[in-house]
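All letters in the sequence shown, in the order written, are residues 172 to 582 by this note's numbering.
Quick notes on the structure that follows.
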Amino acid sequence: MDNFVEGLSEVTCDVLVIGGGTAGPMAALKAKQKNPALNVVLLEKANVKRSGAICMGMDGLNNAVVPGYATPEQYTKEITIANDGIVDQAPVFKYASRCYDIIQELDRFGIRFQKNANGDFDLKKVHHLGTYVLPMPNGDTVKKALYRQIKRERILVSNRFMATRLLTASDGRIAGATAVNTRTAEFLVLRAKTVILCMGAAGRLGLPHSGYLFGTYENPTNSGDGYAMAYHAGAALANLECYQINPLIKDYNGPACAYVAGPFGAYTANSEGNRFIESDYWSGQMMQEFYHELQSGKGPVFLKLNHLHADTVGEIEEILHKVERPSRGRFHQARGTDYREKMIEMHISEIGFCSGHSASGVFVDEFARTTVPGLYAAGDMASVPHNYMLGAFTNGAVAGEHAAEVALETN
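Spelled out as C-alpha coordinates, the structure:
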(Lines of atoms letter the chains of each structure in order from A; the text may use other names.)
(Lines give C-alpha, C1' and ligand atoms only; values in the text may rest on other atoms or scores of the structure.)
Protein backbone atom coordinates (compact mmCIF):
# COMPACT_ATOMS: atom_id res chain seq x y z
CA MET A 172 0.00 0.00 0.00
CA ASP A 173 2.81 2.40 0.87
CA ASN A 174 4.77 2.11 -2.35
CA PHE A 175 4.24 2.05 -6.07
CA VAL A 176 5.49 -0.90 -8.09
CA GLU A 177 9.26 -0.69 -8.30
CA GLY A 178 10.49 1.14 -11.36
CA LEU A 179 7.10 2.59 -12.28
CA SER A 180 7.63 6.03 -13.77
CA GLU A 181 4.08 7.08 -14.56
CA VAL A 182 0.89 6.94 -12.49
CA THR A 183 -2.65 7.91 -13.45
CA CYS A 184 -5.23 8.80 -10.82
CA ASP A 185 -8.43 10.75 -10.35
CA VAL A 186 -7.39 12.91 -7.38
CA LEU A 187 -3.77 13.66 -6.51
CA VAL A 188 -3.09 15.10 -3.06
CA ILE A 189 0.40 16.52 -2.55
CA GLY A 190 1.50 16.82 1.07
CA GLY A 191 0.86 14.35 3.88
CA GLY A 192 0.91 16.63 6.92
CA THR A 193 -2.43 17.94 8.18
CA ALA A 194 -4.67 19.07 5.31
CA GLY A 195 -3.43 16.43 2.86
CA PRO A 196 -4.53 13.26 4.68
CA MET A 197 -7.92 14.81 5.42
CA ALA A 198 -8.32 15.85 1.77
CA ALA A 199 -7.44 12.35 0.57
CA LEU A 200 -9.75 10.80 3.16
CA LYS A 201 -12.74 12.93 2.16
CA ALA A 202 -12.13 12.47 -1.57
CA LYS A 203 -12.11 8.70 -1.11
CA GLN A 204 -15.19 8.74 1.12
CA LYS A 205 -17.01 10.92 -1.41
CA ASN A 206 -16.63 8.17 -3.98
CA PRO A 207 -14.77 4.98 -3.00
CA ALA A 208 -14.39 4.09 -6.68
CA LEU A 209 -12.04 7.02 -7.24
CA ASN A 210 -8.31 6.41 -7.47
CA VAL A 211 -6.87 8.79 -4.86
CA VAL A 212 -3.10 9.16 -4.41
CA LEU A 213 -1.43 10.87 -1.43
CA LEU A 214 2.11 12.00 -2.25
CA GLU A 215 4.53 12.88 0.59
CA LYS A 216 8.22 13.83 0.52
CA ALA A 217 8.81 12.32 3.99
CA ASN A 218 6.60 9.64 5.60
CA VAL A 219 2.92 10.32 6.22
CA LYS A 220 3.09 8.58 9.61
CA ARG A 221 5.17 11.42 11.08
CA SER A 222 5.30 14.28 8.61
CA GLY A 223 4.28 17.91 8.51
CA ALA A 224 3.82 20.56 11.17
CA ILE A 225 1.82 18.18 13.40
CA CYS A 226 4.40 15.38 13.29
CA MET A 227 4.84 15.53 17.09
CA GLY A 228 1.26 16.52 17.81
CA MET A 229 -0.46 19.76 18.80
CA ASP A 230 -1.44 21.29 22.12
CA GLY A 231 -4.89 22.51 21.10
CA LEU A 232 -7.25 24.03 18.56
CA ASN A 233 -6.76 27.79 18.28
CA ASN A 234 -9.97 28.54 16.40
CA ALA A 235 -12.76 26.15 17.32
CA VAL A 236 -16.17 27.61 16.48
CA VAL A 237 -18.39 25.65 18.87
CA PRO A 238 -22.14 26.29 19.24
CA GLY A 239 -22.87 27.97 22.54
CA TYR A 240 -19.54 29.80 22.46
CA ALA A 241 -19.61 31.51 19.07
CA THR A 242 -21.33 31.60 15.69
CA PRO A 243 -19.73 31.52 12.22
CA GLU A 244 -20.72 35.18 11.81
CA GLN A 245 -18.97 36.16 15.05
CA TYR A 246 -15.84 34.25 14.11
CA THR A 247 -15.72 35.87 10.66
CA LYS A 248 -15.93 39.28 12.33
CA GLU A 249 -13.14 38.27 14.75
CA ILE A 250 -10.75 37.34 11.95
CA THR A 251 -11.68 40.41 9.92
CA ILE A 252 -10.73 42.64 12.87
CA ALA A 253 -7.52 40.72 13.58
CA ASN A 254 -6.47 41.07 9.94
CA ASP A 255 -7.22 44.80 9.80
CA GLY A 256 -10.19 44.28 7.49
CA ILE A 257 -8.09 42.88 4.64
CA VAL A 258 -9.71 39.49 4.24
CA ASP A 259 -11.83 37.48 1.83
CA GLN A 260 -14.67 36.58 4.16
CA ALA A 261 -16.23 33.80 2.05
CA PRO A 262 -13.64 31.06 2.80
CA VAL A 263 -13.38 32.21 6.44
CA PHE A 264 -17.14 31.85 6.86
CA LYS A 265 -17.10 28.49 5.07
CA TYR A 266 -14.48 27.27 7.52
CA ALA A 267 -16.40 28.59 10.52
CA SER A 268 -19.59 26.89 9.34
CA ARG A 269 -17.92 23.51 8.82
CA CYS A 270 -15.27 23.19 11.54
CA TYR A 271 -17.55 21.95 14.34
CA ASP A 272 -18.40 18.88 12.28
CA ILE A 273 -14.67 18.25 11.85
CA ILE A 274 -14.05 18.62 15.61
CA GLN A 275 -16.68 15.99 16.29
CA GLU A 276 -15.14 13.72 13.66
CA LEU A 277 -11.66 14.12 15.17
CA ASP A 278 -13.20 13.31 18.55
CA ARG A 279 -14.52 10.06 17.07
CA PHE A 280 -11.04 9.32 15.70
CA GLY A 281 -9.87 9.14 19.33
CA ILE A 282 -8.27 12.58 19.65
CA ARG A 283 -9.17 13.74 23.16
CA PHE A 284 -10.29 17.34 23.62
CA GLN A 285 -10.68 19.00 27.00
CA LYS A 286 -14.25 18.73 28.29
CA ASN A 287 -16.08 20.00 31.36
CA ALA A 288 -17.98 17.99 33.96
CA ASN A 289 -21.01 17.85 31.66
CA GLY A 290 -18.99 16.32 28.84
CA ASP A 291 -19.09 19.48 26.72
CA PHE A 292 -16.04 20.97 25.01
CA ASP A 293 -14.21 23.29 27.45
CA LEU A 294 -13.03 26.30 25.46
CA LYS A 295 -10.72 29.10 26.67
CA LYS A 296 -10.64 32.80 25.77
CA VAL A 297 -7.55 34.22 24.04
CA HIS A 298 -9.00 36.19 21.10
CA HIS A 299 -10.12 39.82 21.18
CA LEU A 300 -13.85 39.12 21.28
CA GLY A 301 -14.81 35.46 21.37
CA THR A 302 -13.83 32.15 22.97
CA TYR A 303 -12.25 29.71 20.52
CA VAL A 304 -9.25 27.89 22.07
CA LEU A 305 -9.88 24.19 22.79
CA PRO A 306 -7.03 22.35 24.61
CA MET A 307 -6.04 18.81 23.58
CA PRO A 308 -4.71 16.76 26.54
CA ASN A 309 -3.44 13.96 24.29
CA GLY A 310 -2.50 16.12 21.32
CA ASP A 311 0.54 13.97 20.64
CA THR A 312 -1.77 11.33 19.15
CA VAL A 313 -3.16 13.52 16.35
CA LYS A 314 -1.00 12.22 13.53
CA LYS A 315 -1.32 8.60 14.59
CA ALA A 316 -5.11 8.85 14.71
CA LEU A 317 -5.18 10.49 11.27
CA TYR A 318 -2.91 7.85 9.77
CA ARG A 319 -5.18 5.08 11.02
CA GLN A 320 -8.03 6.58 8.98
CA ILE A 321 -5.84 6.69 5.85
CA LYS A 322 -5.02 2.99 6.23
CA ARG A 323 -8.65 2.10 6.94
CA GLU A 324 -9.77 3.67 3.64
CA ARG A 325 -6.86 1.96 1.83
CA ILE A 326 -5.72 5.18 0.21
CA LEU A 327 -2.62 4.77 -1.95
CA VAL A 328 0.27 6.53 -0.21
CA SER A 329 3.60 7.26 -1.84
CA ASN A 330 6.25 8.26 0.69
CA ARG A 331 9.63 9.83 -0.13
CA PHE A 332 8.47 11.44 -3.39
CA MET A 333 9.00 15.19 -3.54
CA ALA A 334 6.80 17.05 -6.02
CA THR A 335 8.70 19.45 -8.26
CA ARG A 336 6.25 20.96 -10.76
CA LEU A 337 2.58 20.89 -11.68
CA LEU A 338 1.46 19.79 -15.14
CA THR A 339 -1.18 21.74 -17.06
CA ALA A 340 -3.09 21.00 -20.25
CA SER A 341 -3.12 23.25 -23.31
CA ASP A 342 -6.28 24.95 -22.04
CA GLY A 343 -4.61 25.78 -18.72
CA ARG A 344 -6.40 23.12 -16.73
CA ILE A 345 -4.44 21.08 -14.20
CA ALA A 346 -3.19 17.73 -15.51
CA GLY A 347 -0.98 16.30 -12.76
CA ALA A 348 2.51 16.75 -11.34
CA THR A 349 6.08 15.54 -11.49
CA ALA A 350 8.04 14.24 -8.50
CA VAL A 351 11.42 12.79 -7.59
CA ASN A 352 12.21 10.14 -5.00
CA THR A 353 14.31 11.66 -2.21
CA ARG A 354 16.19 8.38 -1.61
CA THR A 355 16.63 6.85 -5.07
CA ALA A 356 16.28 9.88 -7.41
CA GLU A 357 13.59 7.97 -9.35
CA PHE A 358 11.52 10.39 -11.42
CA LEU A 359 7.76 10.08 -11.39
CA VAL A 360 5.02 11.55 -13.58
CA LEU A 361 1.55 11.63 -12.03
CA ARG A 362 -1.42 12.34 -14.28
CA ALA A 363 -4.53 13.47 -12.44
CA LYS A 364 -7.93 15.01 -13.12
CA THR A 365 -7.69 17.21 -10.02
CA VAL A 366 -4.76 18.12 -7.76
CA ILE A 367 -4.88 19.35 -4.15
CA LEU A 368 -1.80 21.15 -2.80
CA CYS A 369 -1.35 20.75 0.97
CA MET A 370 2.34 21.52 1.26
CA GLY A 371 2.50 23.77 4.29
CA ALA A 372 3.98 27.17 4.96
CA ALA A 373 7.02 28.91 3.51
CA GLY A 374 8.70 28.69 6.88
CA ARG A 375 12.26 29.38 5.79
CA LEU A 376 11.72 32.65 3.99
CA GLY A 377 13.83 34.25 6.70
CA LEU A 378 16.59 32.76 8.83
CA PRO A 379 16.40 32.42 12.63
CA HIS A 380 18.53 34.61 14.89
CA SER A 381 20.09 31.49 16.41
CA GLY A 382 21.88 30.73 13.14
CA TYR A 383 20.58 27.16 13.07
CA LEU A 384 19.18 26.69 9.57
CA PHE A 385 16.56 24.21 10.76
CA GLY A 386 15.80 26.18 13.93
CA THR A 387 12.81 27.98 12.45
CA TYR A 388 9.46 28.70 14.06
CA GLU A 389 7.66 26.75 11.34
CA ASN A 390 8.48 23.15 10.55
CA PRO A 391 11.71 23.65 8.57
CA THR A 392 10.70 21.07 5.97
CA ASN A 393 7.82 23.38 5.03
CA SER A 394 10.01 25.31 2.65
CA GLY A 395 7.46 27.02 0.41
CA ASP A 396 7.56 24.48 -2.42
CA GLY A 397 3.75 24.57 -2.66
CA TYR A 398 3.75 28.33 -3.14
CA ALA A 399 6.36 28.02 -5.89
CA MET A 400 4.60 25.17 -7.69
CA ALA A 401 1.25 26.97 -7.65
CA TYR A 402 2.85 30.19 -8.90
CA HIS A 403 4.65 28.46 -11.77
CA ALA A 404 1.36 26.82 -12.79
CA GLY A 405 -0.29 30.23 -13.02
CA ALA A 406 -2.19 30.31 -9.72
CA ALA A 407 -2.71 33.66 -8.03
CA LEU A 408 -1.10 34.42 -4.68
CA ALA A 409 -2.72 36.64 -2.05
CA ASN A 410 -1.75 38.83 0.91
CA LEU A 411 1.99 38.23 0.71
CA GLU A 412 2.50 41.57 2.46
CA CYS A 413 0.86 39.98 5.52
CA TYR A 414 3.79 37.72 6.30
CA GLN A 415 4.21 35.98 9.60
CA ILE A 416 6.29 37.16 12.57
CA ASN A 417 5.75 35.65 16.01
CA PRO A 418 6.84 36.29 19.59
CA LEU A 419 9.07 33.37 20.57
CA ILE A 420 11.14 32.06 23.44
CA LYS A 421 14.57 33.62 22.86
CA ASP A 422 17.17 31.27 21.34
CA TYR A 423 14.71 28.39 21.21
CA ASN A 424 12.49 29.56 18.36
CA GLY A 425 9.54 27.68 19.77
CA PRO A 426 6.27 29.52 20.30
CA ALA A 427 5.77 31.43 23.53
CA CYS A 428 2.46 29.54 23.71
CA ALA A 429 0.33 32.35 25.08
CA TYR A 430 -2.65 30.38 23.76
CA VAL A 431 -1.75 27.60 26.20
CA ALA A 432 -0.34 29.56 29.13
CA GLY A 433 -2.67 32.58 28.87
CA PRO A 434 -5.85 30.83 30.04
CA PHE A 435 -3.92 29.68 33.13
CA GLY A 436 -3.01 33.28 34.01
CA ALA A 437 0.36 33.73 32.29
CA TYR A 438 0.99 36.80 30.13
CA THR A 439 3.57 38.71 28.10
CA ALA A 440 5.36 41.31 30.25
CA ASN A 441 8.01 43.99 29.81
CA SER A 442 11.23 44.17 31.84
CA GLU A 443 9.29 45.80 34.69
CA GLY A 444 6.95 42.81 34.89
CA ASN A 445 3.95 44.74 33.57
CA ARG A 446 1.52 43.44 30.98
CA PHE A 447 1.46 45.62 27.86
CA ILE A 448 -0.41 43.59 25.21
CA GLU A 449 -4.17 44.06 24.99
CA SER A 450 -4.81 40.58 23.55
CA ASP A 451 -2.37 37.69 23.09
CA TYR A 452 -4.17 36.61 19.93
CA TRP A 453 -1.96 37.11 16.86
CA SER A 454 -2.73 40.29 14.93
CA GLY A 455 -0.94 43.25 13.42
CA GLN A 456 -1.90 45.21 16.52
CA MET A 457 -0.29 42.66 18.83
CA MET A 458 2.97 42.65 16.88
CA GLN A 459 3.01 46.47 16.83
CA GLU A 460 2.57 46.52 20.61
CA PHE A 461 5.42 44.03 20.94
CA TYR A 462 7.69 46.08 18.67
CA HIS A 463 6.92 49.40 20.36
CA GLU A 464 7.68 47.94 23.79
CA LEU A 465 11.08 46.77 22.58
CA GLN A 466 11.79 50.24 21.16
CA SER A 467 10.57 52.11 24.25
CA GLY A 468 13.42 51.11 26.50
CA LYS A 469 11.25 48.73 28.53
CA GLY A 470 12.57 45.65 26.83
CA PRO A 471 13.44 42.87 26.66
CA VAL A 472 10.05 41.22 26.74
CA PHE A 473 9.23 38.15 28.81
CA LEU A 474 6.74 35.34 29.26
CA LYS A 475 5.64 35.74 32.88
CA LEU A 476 4.57 32.67 34.83
CA ASN A 477 6.46 33.11 38.12
CA HIS A 478 3.41 34.68 39.79
CA LEU A 479 1.41 31.46 39.34
CA HIS A 480 1.04 28.59 41.81
CA ALA A 481 3.58 25.81 41.30
CA ASP A 482 0.83 23.30 40.52
CA THR A 483 -0.53 25.59 37.80
CA VAL A 484 2.93 25.91 36.26
CA GLY A 485 3.17 22.13 36.36
CA GLU A 486 -0.02 21.84 34.32
CA ILE A 487 1.38 24.25 31.75
CA GLU A 488 4.66 22.32 31.56
CA GLU A 489 2.75 19.07 31.08
CA ILE A 490 1.31 20.55 27.88
CA LEU A 491 4.26 22.59 26.60
CA HIS A 492 7.00 20.03 27.28
CA LYS A 493 5.26 16.82 26.21
CA VAL A 494 3.13 17.82 23.21
CA GLU A 495 4.27 19.36 19.91
CA ARG A 496 7.83 20.32 21.00
CA PRO A 497 9.30 18.02 23.69
CA SER A 498 12.69 19.70 23.15
CA ARG A 499 11.36 22.78 24.93
CA GLY A 500 11.67 21.19 28.37
CA ARG A 501 15.20 20.01 27.61
CA PHE A 502 16.10 23.52 26.42
CA HIS A 503 15.03 25.10 29.72
CA GLN A 504 16.73 22.35 31.71
CA ALA A 505 20.03 22.95 29.92
CA ARG A 506 19.72 26.71 30.44
CA GLY A 507 18.78 26.29 34.09
CA THR A 508 15.61 28.35 33.64
CA ASP A 509 12.47 27.62 35.65
CA TYR A 510 9.07 29.20 35.00
CA ARG A 511 8.45 29.26 38.76
CA GLU A 512 11.50 31.33 39.58
CA LYS A 513 11.81 34.03 36.94
CA MET A 514 10.35 35.37 33.73
CA ILE A 515 11.48 33.74 30.46
CA GLU A 516 12.94 36.09 27.86
CA MET A 517 11.22 36.31 24.48
CA HIS A 518 12.21 37.57 21.05
CA ILE A 519 10.73 37.89 17.55
CA SER A 520 10.84 35.15 14.95
CA GLU A 521 12.14 35.25 11.42
CA ILE A 522 9.58 36.11 8.74
CA GLY A 523 7.63 33.49 6.84
CA PHE A 524 4.59 33.01 4.64
CA CYS A 525 1.89 31.08 6.48
CA SER A 526 -1.80 31.75 6.09
CA GLY A 527 -2.42 29.41 9.00
CA HIS A 528 -0.85 31.95 11.33
CA SER A 529 -1.33 35.14 9.31
CA ALA A 530 -2.86 35.61 5.85
CA SER A 531 -0.33 35.01 3.05
CA GLY A 532 -0.95 32.12 0.70
CA VAL A 533 -2.19 30.78 -2.61
CA PHE A 534 -5.54 32.41 -3.35
CA VAL A 535 -8.52 30.09 -2.83
CA ASP A 536 -12.28 30.55 -2.76
CA GLU A 537 -14.74 28.98 -0.31
CA PHE A 538 -14.39 25.60 -2.06
CA ALA A 539 -10.57 25.68 -1.80
CA ARG A 540 -10.28 26.26 -5.56
CA THR A 541 -7.29 28.22 -6.86
CA THR A 542 -7.43 30.31 -10.03
CA VAL A 543 -6.17 27.31 -12.06
CA PRO A 544 -9.07 24.99 -13.05
CA GLY A 545 -8.80 21.65 -11.26
CA LEU A 546 -6.17 22.87 -8.79
CA TYR A 547 -6.98 23.21 -5.08
CA ALA A 548 -5.01 24.33 -2.04
CA ALA A 549 -5.57 23.82 1.68
CA GLY A 550 -3.75 24.24 4.97
CA ASP A 551 -1.04 26.77 5.80
CA MET A 552 -0.32 27.51 2.13
CA ALA A 553 -3.90 28.52 1.23
CA SER A 554 -5.03 32.11 1.77
CA VAL A 555 -7.65 31.50 4.46
CA PRO A 556 -6.40 33.86 7.21
CA HIS A 557 -5.66 32.42 10.66
CA ASN A 558 -6.89 28.93 9.82
CA TYR A 559 -4.37 27.01 11.98
CA MET A 560 -4.51 23.21 12.35
CA LEU A 561 -8.29 22.97 12.50
CA GLY A 562 -8.48 25.10 9.36
CA ALA A 563 -6.12 22.70 7.61
CA PHE A 564 -8.35 19.78 8.55
CA THR A 565 -11.55 21.60 7.63
CA ASN A 566 -10.41 23.17 4.37
CA GLY A 567 -8.67 19.94 3.43
CA ALA A 568 -12.04 18.21 3.81
CA VAL A 569 -13.74 20.88 1.68
CA ALA A 570 -11.05 20.55 -1.01
CA GLY A 571 -11.19 16.75 -1.04
CA GLU A 572 -14.95 16.59 -1.43
CA HIS A 573 -15.10 19.22 -4.18
CA ALA A 574 -12.10 17.80 -6.05
CA ALA A 575 -13.75 14.37 -6.02
CA GLU A 576 -16.91 15.79 -7.57
CA VAL A 577 -14.96 17.59 -10.29
CA ALA A 578 -12.85 14.49 -11.01
CA LEU A 579 -16.03 12.50 -11.67
CA GLU A 580 -17.12 15.08 -14.23
CA THR A 581 -13.71 15.32 -15.94
CA ASN A 582 -12.86 13.18 -18.92
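Yeah, the Cβ is synthetic: ideal placement off N, Cα and C, and Gly gets one too.
(request) Could you tell me if H573 is buried or exposed, where buried requires 16 or more neighbouring beta carbons within 10 angstroms of its beta carbon? (result) Buried.
(message) Buried or exposed for Y274, going by 16 or more other Cβ atoms inside 10 Å?
(response) A quick correction: the sequence has Ile, not Tyr, at residue 274. Sixteen is the threshold: when 16 or more other Cβ atoms of the shown chains lie within 10 Å of the Cβ of I274, as they do, the residue is buried.
(message) Assess contact between the stretch 522-530 and the stretch 493-503, defined as three or more Cβ pairs (one per stretch) separated by less than 8 Å. Is contact present?
(response) Because the criterion of three Cβ pairs below 8 Å is not met, the stretch 522-530 and the stretch 493-503 do not touch.
(message) Between the alpha carbons of W453 and H528, how many angstroms are there, rounded?
(response) Cα to Cα, the separation comes out at about 8 Å.
(request) Sort out for me which residues DSSP pairs F538 with in a bridge. (result) By DSSP's assignment, F538 forms no beta bridge with any residue.
(message) Do V472 and M400 have their beta-carbon atoms positioned less than 9 Å apart in this structure?
(response) With contacts defined by Cβ atoms closer than 9 Å, M400 and V472 do not form a contacting pair.
(message) Please list the terminal residues of the continuous beta strand (DSSP E) segment that includes P418.
(response) For P418, the enclosing beta strand (DSSP E) has its first and last residue at 418-420.
(request) Please report how far the alpha carbon of T193 lies from the alpha carbon of E486, in whole angstroms. (result) The straight-line gap from Cα to Cα measures roughly 27 Å.
(request) Using a threshold of 9 Å, state whether the C-beta atoms of T483 and G405 are closer than that. (result) Inclusion of T483 and G405 in the CB contact set at 9 Å is not warranted, their separation being larger than that value.
(message) Applying the 10 Å Cβ sphere with the 16-neighbour rule, what's the burial state of G562?
(response) Looking at its Cβ environment, which holds 16 or more other Cβ atoms inside 10 Å, G562 is buried.
(request) Rounded to whole angstroms, what's the CA-CA distance from D535 to G347? Just pull it up for me. (result) For the sequence presented, residue 535 should be read as Val rather than Asp. In this structure, the straight-line span from the alpha carbon of V535 to that of G347 is close to 19 Å.
(request) Assign Q285 to one of three DSSP states: helix, strand, or coil. (result) Of the three classes helix, strand and coil, the one that applies to Q285 here is coil, per DSSP.
(message) For a test of the three-state rule: what should DSSP assign to L300, helix, strand or coil?
(response) It is coil, neither helix nor strand.
(request) Any chance you could list the alpha helix (DSSP H) runs of at least 4 consecutive residues sitting entirely within the stretch 283-369, in chain order? (result) Whole alpha helix (DSSP H) segments, 4+ residues: 313-323.
(request) Indicate the three-state DSSP secondary structure (helix, strand or coil) for I519 in the structure shown. (result) Here I519 sits in strand by DSSP.
(request) Using the Cα positions of M172 and L327, report the straight-line distance between them to the nearest angstrom. (result) Any reading at M172 is ruled out, since the residue's pLDDT is 42, under 50, leaving its predicted position unreliable.
(message) Between which two residues does the alpha helix (DSSP H) holding V577 run?
(response) Start and end: 559-580.
(request) Using 10 angstroms around the beta-carbon of D291, count the other beta-carbons present and answer buried if the total reaches 16, otherwise exposed. (result) Burial state of D291 is exposed, judged by a 10 Å Cβ sphere holding fewer than 16 other Cβ atoms.
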